[in-house]
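Notes follow once the structure below has been shown.
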Amino acid sequence: MKRGPSAFNIASVVLGLAFLYAPIVILVIYSFNASRLVTVWGGFSTRWYTALFQDAQMLDAVWVTLRVGVLSATLATVLGTLAAVALVRGGFRGRTALAGGIYATLVMPEVILGLSLLLLFVAAGLPRGFWTVTLSHATLTLAYATVVVQARLATFDRHLEEAAQDLGCPPWKAFALVTLPGIAPAVAAAWMLAFTLSLDDLVIASFTSGPGATTLPMRLYSQVRLGVDPKINAVSTLLIGLVATGVIAAYLVQQRRRSTR
Amino acid sequence: MTDRAQHRPQIGGIRSSFAPWEDPAARPLVRFDGVSKAFGDTVAVTGVDLSIYEGEFFALLGPSGCGKTTLMRMLAGFETPDGGRLMLEGRDIQADPPHRRPVHMMFQAYALFPHLSVAQNIAFGLRRQGLPKAQIAARVEEMLALVKLEGLGKRRPDQLSGGQKQRVALARAIAPRPRILLLDEPMAALDKKLREETQFELMTLQQTLGMTFMIVTHDQDEAMVVADRIAVMREGRIAQVGRPAEVYETPVDRYVAGFIGDVNLFEGKVAATNGPILRLQSDDGVFDAEGAAAVGDHVWLAVRPEKIAVYPEAPGGPRNLLAGKILDYGYLGDWTTYLVEIAPGRTIRAARANATRVVDRPLGCGDPVWLSFAPSSAVVLTK
Ligand SMILES: Nc1ncnc2c1ncn2[C@@H]1O[C@H](COP(=O)(O)OP(=O)(O)O)[C@@H](O)[C@H]1O
Ligand SMILES: [Mg+2]
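Protein chains in written order, with my numbering: chain A, 1 to 261; chain B, 1 to 383.
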């Protein structure tokens with residue numbers, strides 16, 4: 001005998017989804033609002049998108065954010081992958097200490113991380129701007145990237161690397177030719193995660209950015225304080241679209257891999 | 001190479017013309033010289049001396065955990081010996097990393113590269129050698145034909161059966177023509193029938209290629225069938241090295257005797273000696289056996305079940321006679337094995353070939369029987 005879902009099940013799913021997505025759905029709907037008033041529906045329009053593409057400051061912030069995101073995610077993924085290899089494969093002393101050092105940033109309050117980075121940059125005499133945000137974001141996301149890659153690497157059959165070495169690959173080449181293709185989905189996922197984290201970071205960016213390198217979250221935040229401009233809805237919708245596309249693409253890639261095996 | 005291959009019949013255990021280990025002038029291809037290896041407190045391999053010769057099919061046999069894989073991995077370069085020397089063609093290879101050793105390994109779980117096709121897997125080692133593309137393609141085809149996988153080059157490893165994966169792993173390891181091929185329990189994952197077929201194919205392949213094979217196994221039957229020589233290992237040491245027949249017929253101690261095949265042991269003291277014959281005084285009776293031991297020595301006689309004759313009636317004449325009754329028997333078609341109780345709680349295994357079809361009086365459980373063995377059939381063991 002098979003029972004359908006109970007009323008309680010249905011209610012909890014609906015409530016849960018509503019809790020997660022209602023704000024986003026409302027934001028997306030209102031980005032197509034013809035009215036300037038955020039709370040009043042004035043018919044369908046794409047005028048805020050048009051306005052957005054004429055707002056040089058906003059576009060500049062988007063551009064900065066994307067560059068920071070791509071660069072910092074790439075840096076964090078490369079370093080995180082190396083750290084994961086060291087943690088999983090390395091048989092050296094102090095491995096636990098290294099792991100602890102990396103994971104500590106996961107639980108470190110962002111305010112403290114941002115402040116300490118700021119102090120570091122000031123002490124080092126680095127002018128704050130694009131590169132300091134990028135580096136800071138790499139610092140922030142490194143631990144996440146490491147965790148994602150490490151989880152996959154831990155279950156990766158070590159004999160495959162040995163087989164590659166046995167057949168004539170020096171260790172680095174065995175890694176590149178055999179391990180990396182095997183953990184590629186995890187590396188891609190780590191990159192996506194790092195990119196997303198960088199995209200929506202406000203705290204660290206506020207501490208470590210400087211003139212000329214205002215990220216989108218910083219711009220949005222400062223604008224909202226002056227009153228909500230529907231352009232914000234438009235740019236947010238675009239961002240959501242971008243992230244969703246990335247996530248769905250990553251999911252599809254994983255599915256295809258799974259179905260071919 | 002070819003004339004030797006012609007001289008060697010198919011069954012490993014009875015190739016007799018091939019015995020470079022008996023030639024003092026022969027130079028071994030691989031030599032382990034007092035090699036030891038420990039992992040923390042676990043001693044995996046200790047004081048192993050071993051010589052393996054060009055063209056040999058060598059088996060490392062021992063129970064799980066006795067250090068076989070560790071010994072093999074040291075030769076491949078994945079473990080560094082704590083002590084001793086490891087020579088390949090007379091050269092110390094200790095400092096060579098795995099990718100510089102002309103030694104290839106077939107891994108226990110095959111370790112096929114999942115993201116590469118069968119052909120790419122086989123080509124992997126060839127590409128590392130920098131062979132021209134056309135030559136690689138030709139060699140891959142040759143290998144596919146050799147392991148009977150023609151037409152499957154485009155498949156992925158996960159689209160293959162267990163037996164096919166095993167063949168791909170084999171082809172991948174032999175394609176770059178290593179000086180010695182190491183096979184770690186290559187047939188452990190196959191079912192019994194496939195395993196027997198594969199054993200014969202391996203032997204044929206080894207002879208066709210004239211390549212040196214070193215196989216690790218815990219299956220004594222497998223080692224007996226395929227190998228020119230067997231090294232029996234025990235707790236990190238080599239207990240005995242020899243042809244399958246030597247190891248079976250003249251084991252050096254009770255461990256080897258019991259590990260290879262069934263054996264009956266009679267424990268006691270040497271009561272007297274008369275030339276090559278000694279007389280053993282044991283709890284089971286007095287037995288004569290051929291062997292070297294001094295009066296008063298504590299020894300064991302090891303007698304294989306098939307060397308014990310079974311009589312339904314008391315025979316007159318033979319020495320080493322034991323009386324008992326059948327506790328259990330197993331009819332195996334060609335053989336019948338008997339479990340005979342000669343004293344309360346003391347049983348002996350005997351086996352009899354069913355040479356004639358008509359049995360006047362078949363023996364059954366509870367029947368009284370008499371057992372005997374020739375003095376030359378017993379092996380005298382001192383440990
Ligand atoms: N990498 C390792 N770390 C620690 N102990 C090991 C390692 N490899 C093998 N051993 C130990 O060494 C002994 C021999 O192992 P192994 O060579 O795999 O035996 P076999 O192949 O005969 O089953 C075992 O006790 C095993 O637990
Ligand atoms: Mg093993």
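All residues carry an ideal CB built from backbone N, CA and C; glycine is no exception.
Of all C-beta pairs linking the segment 102–115 of chain A to the segment 142–158 of chain A, three or more are shorter than 8 Å, placing the two stretches in contact. With a beta-carbon spacing of about 4 Å, threonine 212 (chain B) and isoleucine 180 (chain B) fall inside the 8 Å limit used to define contacts. Listed along chain A, the residues sitting closer than 9 Å to phenylalanine 78 (chain B) by beta-carbon distance are Glu162, Gln165 and Asp166. Across the set A:Gly241, A:Arg67, A:Ile240 and A:Lys231, the C-alpha of A:Lys231 shows the shortest separation from the C-alpha of tyrosine 49 (chain A).
By the C-beta density criterion, lysine 383 (chain B) is exposed, having fewer than 16 other C-beta atoms within 10 angstroms. Ordered by chain, the residues meeting the criterion of a beta-carbon within less than 6 Å of a non-hydrogen atom of ligand 1 are B:Phe39, B:Thr42, B:Ala44, B:Gly62, B:Ser64, B:Gly65, B:Cys66, B:Gly67, B:Lys68, B:Thr69 and B:Thr70.
Within the segment 165–198 of chain A, those residues whose Cβ lies closer than 7 Å to any Cβ of chain B are, in chain order, Gln165, Asp166, Leu167, Gly168, Cys169, Pro170, Val178, Pro181 and Gly182.
Residue nearest to glycine 364 (chain B) within the set B:Thr337, B:Gly345, B:Ala343 and B:Pro186 is B:Thr337 (criterion: CA-CA distance). Per the Cβ contact rule, the segment 22–35 of chain B is in contact with the segment 46–57 of chain B (3 or more Cβ pairs under 8 Å). Per DSSP, glutamine 54 (chain A) is not a residue of any alpha helix (DSSP H), being assigned neither H nor E.
The beta-carbon distance between glutamine 135 (chain B) and leucine 152 (chain B), rounded to whole angstroms, is 21 Å. This is too long to meet the 8 Å contact definition.
At a cut-off of 8 Å between C-beta atoms, arginine 128 (chain B) counts as an interface residue with respect to chain A. Contact check for valine 64 (chain A) against threonine 214 (chain A) passes: the beta carbons are separated by less than 8 Å. Between isoleucine 308 (chain B) and phenylalanine 259 (chain B), the beta carbon gap of about 20 Å keeps them out of contact (Cβ cut-off 8 Å). In the DSSP secondary-structure assignment, threonine 337 (chain B) is bridged to B:Gly330 and B:Ala351.
Distance from alanine 175 (chain B) to isoleucine 215 (chain B) at the Cβ level is roughly 19 Å; contact not present, criterion being Cβ atoms closer than 8 Å. One alpha carbon belongs to proline 170 (chain A), the other to alanine 104 (chain A), and they sit about 33 Å apart.
For proline 98 (chain B), the nearest CB of chain A lies under 8 Å from its own CB, placing it at the interface with that chain.
The beta-bridge partner set that DSSP reports for methionine 214 (chain B) consists of B:Phe58 and B:Leu182. Interface residue (Cβ-Cβ distance to chain B less than 8 Å): aspartate 157 (chain A) is classified as such. Neighbours of histidine 115 (chain B) in chain A, taken as residues whose beta carbon is under 7 Å from its own, are Pro181 and Gly182 in chain order. When C-alpha distances from glutamate 222 (chain B) are compared across B:Thr250, B:Arg172, B:Glu341 and B:Asp184, the shortest belongs to B:Asp184. Contact of methionine 211 (chain B) with chain A is not assigned, every C-beta pair being separated by 8 Å or more. Counting other Cβ atoms within 10 Å of its Cβ, glutamine 255 (chain A) stays below 16 and is therefore classed as exposed. Check the Cα spacing between serine 209 (chain A) and each of A:Ser136, A:Ala86, A:Ala164 and A:Asp157: the tightest is with A:Ser136. Sequence-distant partners of phenylalanine 32 (chain A) (beyond 5 residues in either direction) whose C-beta falls short of 6 Å from its own C-beta, in its chain, are Phe44. Taking the CA atoms as reference points, arginine 91 (chain B) sits about 15 Å from proline 98 (chain B). Burial check for asparagine 320 (chain B): the Cβ neighbour count within 10 Å reaches 16 or more, so the residue is buried. The beta carbon of alanine 111 (chain B) sits closer than 8 Å to some beta carbon of chain A. Aspartate 284 (chain B) and glutamine 94 (chain B) have their C-alpha atoms spaced approximately 52 Å apart. Taking 8 Å as the cut-off, the Cβ atoms of glycine 162 (chain B) and leucine 190 (chain B) count as close. The closest CA to that of aspartate 82 (chain B), considering only B:Leu131, B:Ala38, B:His218 and B:Val310, is found on B:Ala38. Runs of the alpha helix (DSSP H) spanning 4 or more residues and lying entirely within the segment 259–334 of chain B do not occur at all. With 16 or more neighbouring CB atoms inside 10 Å of its own CB, tyrosine 248 (chain B) falls in the buried class.
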